[in-house]
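Colleague: Residue numbers (full-length UniProt numbering): 1 to 313. All residues carry an ideal CB built from backbone N, CA and C; glycine is no exception. My questions all concern the structure below.
What follows is the structure in structure tokens.
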């Protein structure tokens, strides 16, 4: 009897620990908002002082603006090049200024850019809208991010290769609701929450910005710049940062878009009709058109600078 009780107690303790760990990973209370709906959660990790520490890896940060010029398009130059997208699925575009519904990846080369270092790459994700009670399903005011930060990080397990020109990258799944969610990325967070993320729209503490953190895969197969589904040529590292066999580390791109969102505001991303504006469908893409010399400089610097330090532009 004592042994049985001990086993039951051990199982109970294990379950409690697992639940606590799950809460630490996503940092959000498992309580949806009665007024805003089940897609929103109180994000407890956003309160108090910032807990983010300096990254272990060397980094390179540059400025491409925050789309204050209003470069918006239904185009998805990676998935459906040369074609318009759904009229209710608009993207914010940073970097390359030539993207429109007729663009292809090749047509982007040599265009003007919003990036101050001459980076001609294209970076894009669904727009975020604020919506009022009773607003139509496709209504809402498009929000301009308060800030957008683009950062490349070194690989903690070894040197990185320069990204090849025209390399495509994807994170998240625009069809996560109907695809089962396997590719959904927990991109949502609050200012001051460190690395904690959630798959729900966070309700942040007063004065804390809503964050969308897009962490892209960084292990390249060494051959292709794109692949079927846009994911097989560039994959995520294994736990610990090492790349899977047959792939090679390239600089890891992280994009953080921050929004001033008063507490209690209903907001949502644009989505396809059958995805119901779910936060699980958030996603982002990039097409690398950074000048070769600059990309080589970034790789060399990331490989030589001590961990946690930032490379010079």
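What are the uninterrupted segments assigned as beta strand (DSSP E) that are 3 or more residues long and contained completely in the region 268 to 311, given in chain order?
Modeller: 283 to 287
Colleague: Taking the C-alpha atoms as reference points, what is the distance between residue 242 and residue 309?
Modeller: Approximately 20 Å between the Cα atoms of the pair.
Colleague: CB-CB under 7 Å to residue 207, same chain, minus the five flanking residues each way: which ones, in chain order?
Modeller: none
Colleague: Where does residue 84 land, buried or exposed, given buried means 16+ other C-beta within 10 angstroms?
Modeller: exposed
Colleague: Note down, in chain order, each residue of its chain lying with its Cβ closer than 8 Å to the Cβ of residue 63, except the 5 sequence neighbours on either side.
Modeller: 115, 116, 117, 150
Colleague: Compute the beta-carbon to beta-carbon distance between residue 167 and residue 299, rounded to the nearest angstrom, for a pair I have assumed lies under 8 Å.
Modeller: That pair is no contact at about 13 Å.
Colleague: Among 257, 198, 182, which residue has its Cα nearest to the Cα of residue 376?
Modeller: Any question about residue 376 goes unanswered here, given that the chain covers just 1 to 313.
Colleague: Please classify residue 51: does DSSP put it in a helix, a strand, or coil?
Modeller: Its pLDDT being 32, under 50, residue 51 is placed unreliably by the model, and the measurement read from it follows with that caveat. Coil, per DSSP.
Colleague: Going along the chain, which residues of its own chain have a beta-carbon closer than 7 Å to the beta-carbon of residue 239, five neighbours each way excluded?
Modeller: None.
Colleague: Please report the distance separating the alpha-carbon of residue 59 from that of residue 235.
Modeller: 20 Å
Colleague: Taking the continuous beta strand (DSSP E) assigned at residue 257, which residues delimit it?
Modeller: 252 to 259
Colleague: For residue 262, count neighbouring C-beta atoms within 10 Å of its own C-beta (all shown protein chains included) and say buried if the count is 16 or more, exposed if not.
Modeller: exposed
Colleague: Which residues in the same chain have their Cβ closer than 8 Å to the Cβ of residue 268, if we skip the five residues on either side of it in sequence?
Modeller: Around residue 268: 39, 128, 129, 131, 140, 201, 277, 279.
Colleague: With respect to the alpha helix (DSSP H) encompassing residue 210, which residues constitute its N-terminal and C-terminal limits?
Modeller: Premise fails: residue 210 lies in the beta strand (DSSP E), 210 to 215, not in any alpha helix (DSSP H).
Colleague: What does the Cβ neighbour count give for residue 157, buried or exposed, with the cut at 16 atoms within 10 Å?
Modeller: It is exposed - the Cβ of residue 157 has fewer than 16 other Cβ atoms within 10 Å.
Colleague: Can you check which of these residues, 70, 223, 211, is closest to residue 247 by C-alpha distance?
Modeller: Nearest option by C-alpha distance: 223.
Colleague: Counting only the same chain and skipping the five closest in sequence on each side, list residues whose C-beta sits under 7 Å from that of residue 231.
Modeller: 170
Colleague: Within 10 angstroms of its Cβ, does residue 266 collect 16 or more other Cβ (buried), or is it exposed?
Modeller: buried
Colleague: Helix, strand or coil for residue 117, going by three-state DSSP, please let me know.
Modeller: coil
Colleague: Nearest-angstrom Cα distance between residue 287 and residue 155?
Modeller: 20 Å
Colleague: Might you give, ordered along the chain, the residues of its own chain that have their beta carbon closer than 8 Å to the beta carbon of residue 72, omitting 5 neighbours on each side?
Modeller: 90, 91, 92, 93, 127, 142
Colleague: Short check: CB of residue 75 to CB of residue 56, under 8 Å?
Modeller: With contacts defined as CB atoms closer than 8 Å, residue 75 and residue 56 fail to qualify as a contacting pair.
Colleague: Could you check where the alpha helix (DSSP H) with residue 176 kicks off and where it finishes?
Modeller: 176 to 179
Colleague: Let me confirm a value: residue 35 is counted as buried when at least 16 other C-beta atoms fall within 10 Å, else exposed. Which label applies?
Modeller: exposed
Colleague: In this structure, does DSSP put residue 85 in helix, strand or coil?
Modeller: coil
Colleague: DSSP on residue 189, reduced to helix/strand/coil?
Modeller: strand
Colleague: Less than 8 Å between the beta carbons of residue 283 and residue 137, yes or no?
Modeller: no
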